[in-house]
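Residue numbers (the numbering used here), protein chains in the order written: chain E, 2 to 154; chain R, 2 to 154; chain A, 272 to 676; chain F, 272 to 676. Yeah, the Cβ is synthetic: ideal placement off N, Cα and C, and Gly gets one too. Predicted model, so just to flag it, every value in this text is computed and none were measured.
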Ligand SMILES: Cc1ncc(COP(=O)(O)O)c(C=O)c1O
Ligand SMILES: Cc1ncc(COP(=O)(O)O)c(C=O)c1O
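Written out as structure tokens, the structure reads:
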């Protein structure tokens, strides 16, 4: 593991030009995430339609390349997914970030998996794990209608 | 320096059978001393007559052999002394306890000096210095009409 | 680890003290440190030093992990439910002040009662006294019996409608009484009263099981537990740490800071303001490992044998009076000798290399009750031997000889 | 002592960190420790350990003397008038909390103003915030100018009839601004307002002279001053220590304890409750000796040269922006790089062995003002060299290269 693997092009790309930025009009769930030690912040917006499907999702935030890339890749991926699917993917993703070598789920394509795996580089940078997981925790919190801001520490 | 010198017979004698114990009727000055770490306590009473002479002096208290012997020897010695003399002797005594080899004053007899010097053994027992000096500080405080309890620490 | 030879793990005993072998019987005051702990401090400073938690560089990350490892080790050692129930403080005194201050702020007001015992160390009285001064809280003392013990009845008798918290020692640092904490906690909880335990003296000598004891707060002094100075532990049930306001304010314990307002961080950070005692926390992991290697059962067995032996020889020694005769007793032999003041005893014993403590041991209330201004105390650590106690006894005899001249 | 070769006094630099030489530029967070300090801790624990102040045995007496020796050394080093004006705490954070709490208790009430600056570390804001919550005190911030500096005018402007205390940093841990403390204190005293100085960042880098500064309180962090972790110092004028109520309650700080009331001990014991950080205090004497050996003049000269050199090369480095341009500056180089987040910078630098810090450095108020969520900070210690700064620059270039892929 080295820096090249942490700062892969895909991360630099999403980090510099994050997708799905900005608040959209008719969101019905949102959640904030904050990493007090780093100052990373994310505010996630989503619309869960009557079929419990995410019909739209976006975020506002500021932070390092890793946290911005993670939020960008995540929102790209989750658009159109069902709540159940979202939870499953998120849980597998968080497992991967923490310890697992792989993301074991059929709910993401090989291409998507590659993108997610690119965030796995943080495994060797323990202080950066929170950066990669911040928006994901916010997503789970939004779905659970948790009122409290997610704070990673 | 060894224990024999610290616990000389004269100290053991005064420690076990302190002289001038008890409050007397018509004292006109008094002061308390307290050593919070050891629990040694002394309450000194004296009568300073119109000639600024100590016509009577006594104490109540509890504590170790050193502090009781010191109060006993001191009260024995000070009876009949003038205020000025008391202050001079006390200052020389405290010097001796702290650093000096001798008590340089003509105000005490050779015999009295021997008694005072016997308390000098505490020099090598720094934690016990306070025991030897407690009643002396109380004496000075009584003469100065200090209202505060003397506390050695 | 061979407990009979455990002394050799403690480098202090390799040196002569004033030409004598050191007979260290002052462990209730502070314990000596095993080499593994001292080495750990040395290695950390020479090879790995960094502040924790704040920087992302390699040394900082490594230090943070080590720091949090100790928290986990402590959690396991005292069987706390969660790691975040362990707060590092500068000592047991701070731990108790933290609870008195924050619990007092939130839950105590004029006329409320704080129930202590007559056995309490000043550290478990003065912080409550502050609330008496600032809020008009009343302090009630459960009374010791003639054995220097506290029974559950003596506690029960003093509980009223107004009792808002009970704070008491697990093991008296004077009489050695071990209090029935589990039963007291049960009783208190049946009346919805939280319980703080001063575990300073119990922690080095007893099996610790927070979930079994079920107490709300437990204060520990690491330097009495074969650990470094400047470190203590507050165990508190998570619900309390979440519920109580923070104590000291500073870096590391905040979430967001604005000019108008401040929000606080998660547990346990909320209670760990400023740079902590990093090296000490990291080294304390070795103290826990050391204790685990010995095994609490053999430690207890060893110390109980010593205590019994010590009581036996001192009881046989004329004019020596043991203080307290509690039902359950640990690690402490307090005594007086007729006609010899404790400070004179301590000075004379010291000349023989026997280190004990004399004074009121920060328990003036108890000494008043016992009618003593001071007592002598020999206290045990895992490194002590019967030989140490024989030397204590011999030195006491020497002391008597000097005073009978 | 040869300051150019001072690195060799610090054993941490003998080891590789992840195969790199360590370029330690995080001293504002915590400094590395010279071997003399580490050895002193080792020797104390292995040969001399005892708790201080309470026992009369040989080791306790010796430890007490050593402990008090450090107090005297500190007094001399900071030119305090009396030894008893030095209080040992667990850190600067505790020192400030002590003052805020006790001064607040006695002198602050609803509507009173506490004057801080926008440069303050959370440790010098959160403790005052507590008083805002508990007493309705108002907190006023003197504003930084565009150079990240605080002028005496910016303070003067905010002083009102209601200002009861001014608390401010001596040296900003973000912009490096050195504040005109002596003048500010003079101004404040002319209006009868006491002044607390957060000396965390100044103490390791500047000549300290309490009598010259004439401030009322001064807080120091020993671990930033080549000393052990878990130790801080509060300097306070004697009149304040006598006047203010005690802070934490426990053993060692009392005079007499009765069931009904408690009286407190003399200075400085009144403010040192419980078992103190004995080994750390004793070892800190070596830190002071170490600093004295270097000599404050050559230390300042050395660090100023480094700082100028560092500013020079970073200013020349495209897309690097230095934060703050104060009139007087010390020991700190904070910066940002266009398009690269500080945390990414710190991670990449770390891979080259360059340890810096990224974040808000516990100065969120200042970062808000600067419109930054975080910054990167390289901070200097006596062991740094120009070579370290060249390596910093090279690593920044590496960082830029990675991000321009
Ligand atoms: C300016 C300033 N004030 C206060 C502190 C707090 O010091 P400590 O964490 O050692 O208590 C620090 C360091 O973190 C600091 O840089
Ligand atoms: C029973 C008891 N409680 C509290 C304390 C205070 O602990 P510390 O001084 O480590 O804060 C002690 C030790 O001095 C003690 O023996």
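Distance between residue 15/E and residue 59/E (C-alpha atoms, nearest Å): Start at 1 with the first residue of the first chain, and residue 59/E comes out as number 58. Start at 1 with the first residue of the first chain, and residue 15/E comes out as number 14. Cα-Cα distance, rounded: 14 Å.
Contact test: residue 368/F Cβ vs ligand 1 heavy atom, cutoff 6 Å: Within the fourth chain, numbered from 1, the residue matching residue 368/F stands at position 97. Residue 368/F Cβ: outside cutoff for every heavy atom of ligand 1.
Three-state secondary structure (DSSP) of residue 520/F: Taking the fourth chain and counting its residues from 1, one reaches residue 520/F at position 249. In the structure shown, residue 520/F sits in coil (DSSP, three-state: anything other than H, G, I, E or B).
Beta-carbon gap between residue 35/E and residue 42/E smaller than 7 Å: Mapped onto the first chain, residue 35/E falls at position 34. Mapped onto the first chain, residue 42/E falls at position 41. Cβ distance < 7 Å, so residue 35/E and residue 42/E count as in contact.
Where residue 479/F falls: helix, strand or coil (DSSP): For the purposes of this step, residue 479/F is taken as residue 208 along the fourth chain, with counting starting at 1. Here residue 479/F sits in coil by DSSP.
Opposing strand residues paired with residue 281/A [DSSP bridges]: For this step, residue 281/A is matched to residue 10 along the third chain. Bridge partners of residue 281/A: none, in fact.
Members of the region 34 to 67 of chain R that neighbour chain A once the beta carbon cut-off is set at 8 Å: 38, 39, 40, 41, 42, 63, 64, 65, 66, 67
Check: residue 629/A C-beta below 6 Å from any heavy atom of ligand 2: Start at 1 with the first residue of the third chain, and residue 629/A comes out as number 358. Answer for residue 629/A: no, Cβ out of range of ligand 2.
Counted within 10 angstroms of its Cβ, other Cβ atoms place residue 378/A as buried (16 or more) or exposed: Residue numbering aside, residue 378/A sits at position 107 when the third chain is read from its first letter. Residue 378/A should be labelled exposed.
Check whether residue 328/F and residue 445/F have beta carbons under 7 Å apart: Walking along the fourth chain from the start, residue 328/F turns up at place 57. Walking along the fourth chain from the start, residue 445/F turns up at place 174. No, they are not a contact pair.
Proximity test, residue 469/A beta-carbon vs ligand 4 heavy atom, cut-off 6 Å: In the structure on display, ligand 4 does not appear, and the ligands it does have are ligand 1 and ligand 2.
Check: residue 444/F C-beta below 6 Å from any heavy atom of ligand 1: For the purposes of this step, residue 444/F is taken as residue 173 along the fourth chain, with counting starting at 1. Result yes, Cβ under 6 Å from ligand 1.
Residues near residue 383/A in its chain [Cβ-Cβ closer than 6 Å; skip 5 each side]: If you number the third chain from 1, residue 383/A lands on position 112. Around residue 383/A: 408, 433, 435.
Short CB-CB distance (under 7 Å) between residue 318/A and chain F: One-based indexing of the third chain puts residue 318/A at position 47. True, the Cβ-Cβ gap to chain F drops below 7 Å.
Where residue 632/F sits in the DSSP three-state scheme: Position 361 of the fourth chain, counted from the first residue, corresponds to residue 632/F. Here residue 632/F sits in coil by DSSP.
Same chain only: Cβ atoms within 6 Å of residue 596/A, ignoring 5 sequence neighbours per side: On the third chain, position 325 is the one that residue 596/A refers to. So the list reads 418, once near-sequence residues are dropped.
Interface partners of residue 532/F on chain E, CB under 8 Å: Residue numbering aside, residue 532/F sits at position 261 when the fourth chain is read from its first letter. The contacting residues do not exist; residue 532/F stays about 43 Å from chain E at best.
Members of the region 9 to 35 of chain E near chain F, C-beta cut-off 9 Å: 10, 13, 16, 17
Cβ pair residue 625/A, residue 663/A closer than 7 Å: Here residue 625/A refers to the residue found at position 354 when the third chain is read from its first residue. Here residue 663/A refers to the residue found at position 392 when the third chain is read from its first residue. Yes, the pair counts as a contact, with Cβ atoms nearer than the cut-off.
Terminal residues of the beta strand (DSSP E) in which residue 676/A lies: On the third chain, position 405 is the one that residue 676/A refers to. Here residue 676/A belongs to no beta strand (DSSP E), and DSSP marks it neither H nor E.
Interface positions of the region 133 to 146 of chain E facing chain F (Cβ-Cβ less than 9 Å), listed along the chain: none
Given 8 Å, three or more beta-carbon pairs between the region 445 to 458 of chain A and the region 413 to 429 of chain A: yes
Residue 529/A, DSSP secondary structure in three states: Position 258 of the third chain, counted from the start, is the residue given in the question as residue 529/A. Looking at residue 529/A - three-state DSSP - the assignment turns out to be coil, as it is neither helix nor strand.
Residue 31/E: first and last residue of the uninterrupted beta strand (DSSP E) it sits in: Position 30 of the first chain, counted from the start, is the residue given in the question as residue 31/E. Segment 30 to 36, the beta strand (DSSP E) holding residue 31/E.
beta-carbon residue 652/A near ligand 2 non-hydrogen atom, thresh 6 Å: Counting from 1 along the third chain, the entry for residue 652/A is found at position 381. No - ligand 2 has no heavy atom lying nearer than 6 Å to the Cβ of residue 652/A.
Endpoints, the beta strand (DSSP E) within which residue 507/F is located: Against the fourth chain, residue 507/F aligns to sequence position 236. Looking at the DSSP string, the run of the beta strand (DSSP E) that includes residue 507/F is 503 to 507.
Residue of 474/F, 486/F, 470/F minimising C-alpha distance to residue 461/F: Your numbering for residue 461/F matches position 190 in the fourth chain. Among 474/F, 486/F, 470/F, the Cα nearest to that of residue 461/F is on 486/F.
Proximity of residue 341/F and residue 552/F at Cβ, strictly below 7 Å: For this step, residue 341/F is matched to residue 70 along the fourth chain. For this step, residue 552/F is matched to residue 281 along the fourth chain. Cβ distance < 7 Å, so residue 341/F and residue 552/F count as in contact.
Interface residues of the region 509 to 520 of chain A facing chain E [CB-CB below 9 Å]: none
Alpha-carbon spacing of residue 527/F relative to residue 594/A, whole angstroms: In the fourth chain, counting from the first residue as 1, residue 527/F sits at position 256. In the third chain, counting from the first residue as 1, residue 594/A sits at position 323. The straight-line gap from Cα to Cα measures roughly 22 Å.
At least three beta-carbon pairs within less than 8 Å, the region 392 to 401 of chain F to the region 366 to 378 of chain F: yes
Residues near residue 438/A in its chain [Cβ-Cβ closer than 6 Å; skip 5 each side]: The residue given as residue 438/A occupies position 167 in the third chain. Excluding positions up to five away in sequence, the list reads 387, 395, 467.
Under the three-state DSSP convention, the category residue 555/F falls into: Working through the fourth chain from its first residue, we reach residue 555/F at position 284. The answer is helix: DSSP assigns residue 555/F an H, G or I state.
Whole-angstrom distance between residue 499/F and residue 308/F, CA atom to CA atom: One-based indexing of the fourth chain puts residue 308/F at position 37. One-based indexing of the fourth chain puts residue 499/F at position 228. Taking the straight line from one Cα to the other gives about 8 Å.
Reduced DSSP category for residue 414/A - H, G, I as helix; E, B as strand; rest coil: As a working note, residue 414/A is residue 143 in the third chain. Residue 414/A falls in the coil class under three-state DSSP.
8 Å CB neighbourhood of residue 592/A in its chain, flanking five on each side removed: For this step, residue 592/A is matched to residue 321 along the third chain. 606, 607, 608, 609.
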